[in-house]
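Below is one structure; the comments refer to it alone.
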Amino acid sequence: EIARCVASGLAAAHAAEIIHRDLKPSNVLLEPQGRVVLTDFGIARCVEDDLHLTSGAIGTMHYMAPEQATNGRVDARTDIYSLGVVLYEMIVGERPAGTAAEIAARIEKERAVPPALATLVLRCLSRHPDSRPSSAVSLANALMASMAARLGRWNPGPWWLSWPVRWCALALARELTACSVGWPAAP
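Residue numbers are given in the numbering used here: position 183 of the sequence shown equals residue 183, and the series is strictly consecutive.
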C-alpha cells in the first residue's frame, strides 16, 4: 500500500511535469494517520527544463537510475527506477547489487512475494528506461492489481453493484486522492 501511494504521489508530480530525481526511503514519510508523504523535491526539475545533467550526477547514488548516474537524459522512468530500488529493498532487506540474474534470484527467493510483484519490481529495475513501466500511473495500477490479487478480491463481476462494495470503492477513491494529492482521507 505504501509503494502504491508513493507511485501515486510520483504520478501527481509527473502530471505537473516534475521529476523528483532523488527518491529514496528517507524521502518517503508515513504520518501517524497512515498518509504517505513524498518529500525533498530539492533537486527536482521540470520536464520542460533540459534534463541532461551537466555538472555531474545529482541524487543519491544507490537509488539512481543508470541514465541519471551517467549524466544521461532523465524523465519519469528515472523516478520509476528509484522506486524499484526502494521496493526491492522493502522486499529483500537490502539494495539490489550484482547482475540482473542475481537480483532476480534474490527477489524470487522471497516466498511471500507474489510472482507478479517480483516481475514488476524487476521491470522497474531495468537498465533500459523503455523496459520499465511507462508511467507512475501504470505502476500504481499494477501495484493495486497485485494487492487485490494477493487478497483474493479481484473479481470484476456483478458484485460491484452492491452498496457495501460501492461504499468501499468510494472509500478507496478517497484514499487514492489522499495519497496522490496530499489531502487528509475521510474518517
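Backbone N, C-alpha and C define an ideal beta-carbon position, used for all residues, glycine too.
Treat the numbers as computed from the prediction; the structure is a model and nothing was measured.
Checklist entry - Given 8 Å as the limit, is there contact between the stretch 5-22 and the stretch 77-88, that is, 3 or more CB pairs closer than that? => result yes
Discussion item. Output needed for Asn27: all residues of its chain with C-beta closer than 6 Å, excluding positions within five of it in sequence on either side, in chain order.
Written reply: Thr39 and Asp40
| task | Could you check the C-alpha separation between Pro164 and Thr119 for me, to the nearest Å? | result | At Pro164, the pLDDT of 42 sits below 50, so the modelled position is not reliable and the matter cannot be decided from this model.
Check: Which ranges does the alpha helix (DSSP H) cover as unbroken runs of at least 4 residues, wholly within the stretch 90-125, from first to last along the chain?
Finding: 100-108 and 115-124
What is the DSSP secondary structure of Arg21, counted as helix, strand or coil? coil
Assuming contact is defined by CB atoms lying nearer than 7 Å, are Leu122 and Ala104 in contact in what I supplied? yes
ask   = Between which two residues does the alpha helix (DSSP H) containing Val6 stretch?
value = Ile2 to Ala15
- Query: Is it true that the CB of Val86 sits closer than 7 Å to the CB of Pro25?
  - Reply: yes
Out of curiosity, what's the CA-to-CA distance linking Ala13 and Val74? 14 Å
- Going by DSSP, what residues sit across from Arg35 in a beta bridge? Answer is none; Arg35 lacks a bridge partner.
Grab the span of the beta strand (DSSP E) containing Val28 for me, first residue to last. Val28 to Leu30
- Task: Specify the secondary structure class of Arg127 as computed by DSSP and reduced to three states.
- Result: coil
- Task: Would you check if the distance between the CB atom of Arg4 and the CB atom of Met90 is smaller than 7 Å?
- Result: no
How should Gly34 be labelled, buried or exposed, when 16 other C-beta atoms within 10 angstroms of its C-beta is the threshold for buried? exposed
Original post:
Mind checking whether Pro66 and Arg106 have CB atoms under 7 Å apart?
Top reply: no
- Met61 classed as buried or exposed, judged by whether at least 16 other C-beta atoms fall within 10 angstroms: exposed
| task | Using the Cα positions of Glu102 and Glu108, report the straight-line distance between them to the nearest angstrom. | result | 10 Å
Open item on the list: Can you find the residues in the same chain that come closer than 6 Å, C-beta to C-beta, to Ile2, ignoring five residues on each side of it along the sequence?
Closed with: Val36
TODO: Return the chain-ordered list of same chain residues with a C-beta closer than 6 Å to the C-beta of Leu10, the five sequence neighbours on each side being excluded.
DONE: Asp79 and Ala136
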